[in-house]
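S.K.: Residues in the sequence shown are numbered from 1 upward in steps of one, following UniProt numbering. We put the CB at the ideal spot given by N, CA and C, even for glycine. Quick caveat, the model's predicted, so the values are computed rather than measured. Once you've had a glance at the structure underneath, I'll fire off some questions.
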Amino acid sequence: MDAQSIGCSTCPFCPFFDLNSDFVLQHVQYCHPENESQLEPTKSSPQVLFRTDLESEPMRFSGHAGGSNGKLPGSLYHADNMPNLEESTIAQYTHSPQPHANSEDVKSKSTCLHTSQNDQTGPSSRIDSKKKVNRSIKRLDRSELGPYAHEKRMPSWLLRMLNRGNTTTQVNRISPDGKLSRHSIIENETPNVVPVLARLCKQDKSVQRAFLCSAHVHHISKMPREGSFCGYRNIQMLVSYMQETRDRGNDYFPGVLPTILQLQDMIERAWDMGYNSVGRTETGGIKGTRKYIGTSEAQALFLSLGIQCEASSIGKTEEMPAHTALLSHIAAYFKSACSDDDAENVVMTDLPPVYFQHHGHSMTIVGFEIRDQGNANILVFDPTFQTPSMIKHATATKIKKPEPSRILKVYRKDICYLKKYQAFELLKLLPPGIPFES
């Protein structure tokens, strides 16, 4: 039975469908903005991204040698070859990390952040005078900040809803060992999803090799009627990892996750401290508004708290398109956490999740798969969608699912999806144990 036969509205760009046509329209707006001509980046500046255009200095293009068909090199295809990659092969698909900038360096770089389509200031043309910088940086508009780009203040009902935070309820559940236990359920937050995805990957016969991040990240989704706050929801997902692992920065986020309004305050404070401070000039300020945020705001927030992170900008090169460079970059990220004697085809790592941005939308990368014929895709937590009930139920049971690929489809972003975009941004928390340079 297809979507049309049951009266569903369908997305013209992907298999998504829903009985509510308004929800499908919102899905197209948030997940396929590249089909709106006014939002498309210009061909002349593929490295210039979307709202959250990142600074030229800390960002590095990660495209290296490779094919243009979206497949990874043959040595990455099969499980028994993956752990034995030669160093020279690994180097082709790993961007070389530069020394992490301390707070003084980042503040000095803040003048070249958020490079917009009309102002491609680079490191060599950095302007040190604050007055000159403010004149050279233009205010962003709806194509970068969304439909509420000029909003002074969000509606009072939405402000009250965000201020209240999420609803928490107490439920009794039977655990896998048969014991009854009491759990706190937060309305838009689901823990323990990554282990379920790992089980589904093992059951899916099309998966040759899969890597997943730490099990400690929660899937955070949007609340009904809240609109597009995906950037904040992805920050919350990274914070959930810090809280669960008690990693660096956990002290700044005690108890429940920070609300969207609290995150806005923290970003504004980071700007006050000089981190990516041109964002205030470009946005006109975000406190109490629905303006879009993204990678540079997340980076500013974490750096202002002394949380070590690394941002990257990935675009197409003469050797490979942007989506292939992205897949190679993510493959190298997960490969870095695997030992040479790891023979499992599905590997759970302790790596943090990755903040992921493309034009018009952001998600959180939690995994990477190599499937039939060597085709690769990423696994993401998308804040646009609620965690499916079958995933929620699977976190409390080990029942085998008959159609793992159908369930995993919600989390997979394959080449067909990724190749629609000309540029990507990533923000990676550095794993525990790496000292922060202050």
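1) Can the beta-carbon of S339 be found closer than 7 Å to that of D204?
2) Would you tell me roughly how many angstroms separate the C-alpha atoms of Q308 and A298, rounded to the nearest one?
3) Take residue 447 and list the residues in its own chain whose beta-carbon comes closer than 7 Å to its own, dropping the five residues that flank it on each side.
4) Do F253 and V239 have their C-beta atoms within less than 7 Å of each other?
5) Between the alpha carbons of L426 and S156, how many angstroms are there, rounded?
6) Could you check whether I330 and F368 sit closer than 7 Å to each other, using their CB atoms as the reference points?
7) My guess is that Y417 and N234 are in contact by the Cβ rule of under 8 Å, so how many angstroms apart are they, rounded?
8) Contact check, F211 vs V347 under 8 Å by CB: the rounded distance?
9) On the CB-based measure, 16 or more other CB atoms within 10 Å of its CB, does N375 come out buried or exposed?
10) Output the distance between the C-alpha atoms of L162 and G227, rounded to the nearest integer angstrom.
11) Quick check on S313: buried or exposed, where buried means 16 or more other Cβ atoms within 10 Å of its Cβ?
12) Would you mind reading off the limits of the beta strand (DSSP E) that contains A270?
13) So for Y292, helix, strand or coil by DSSP?
14) Is Y357 near G285, with beta carbons less than 7 Å apart?
15) Would you kindly work out how many angstroms separate the C-alpha atoms of L430 and H216, rounded to a whole number?
16) Buried or exposed: where does G178 fall if 16 or more other Cβ atoms within 10 Å of its Cβ makes it buried?
17) In whole angstroms, give me the CA-to-CA distance for A311 and K428.
18) Mind checking whether I220 and E187 have CB atoms under 7 Å apart?
19) Please look up how many angstroms separate the CB atoms of G360 and L305, rounded, as I've assumed it's under 8 Å.
20) Going by alpha carbons, who is nearest to M363 out of L351, T324, R371 and I378?
21) Alpha carbon to alpha carbon, how far is D382 from H218?
22) Please determine, among H150, D141, M154 and G146, the residue with the shortest C-alpha to C-alpha distance to T289.
23) In chain order, which continuous runs of the alpha helix (DSSP H) of length 4 or greater are located wholly inside the region 221–265?
M.R.: So, from the listed chains and residues:
1) no
2) 12 Å
3) Here the chain comprises residues numbered 1 to 438, so residue 447 is not present and cannot be evaluated.
4) yes
5) 33 Å
6) yes
7) About 17 Å; that fails the 8 Å criterion.
8) 5 Å
9) buried
10) 11 Å
11) buried
12) Note, A270: premise wrong, no beta strand (DSSP E); alpha helix (DSSP H) at I260 to D272.
13) coil
14) In the sequence under discussion, the amino acid at residue 357 is Gln, which differs from the Tyr named in the question. Not closer than 7 Å, so no.
15) 15 Å
16) exposed
17) 6 Å
18) no
19) The pair is not a contact, with the Cβ atoms about 28 Å apart (cut-off 8 Å).
20) I378
21) 11 Å
22) M154
23) 230–245
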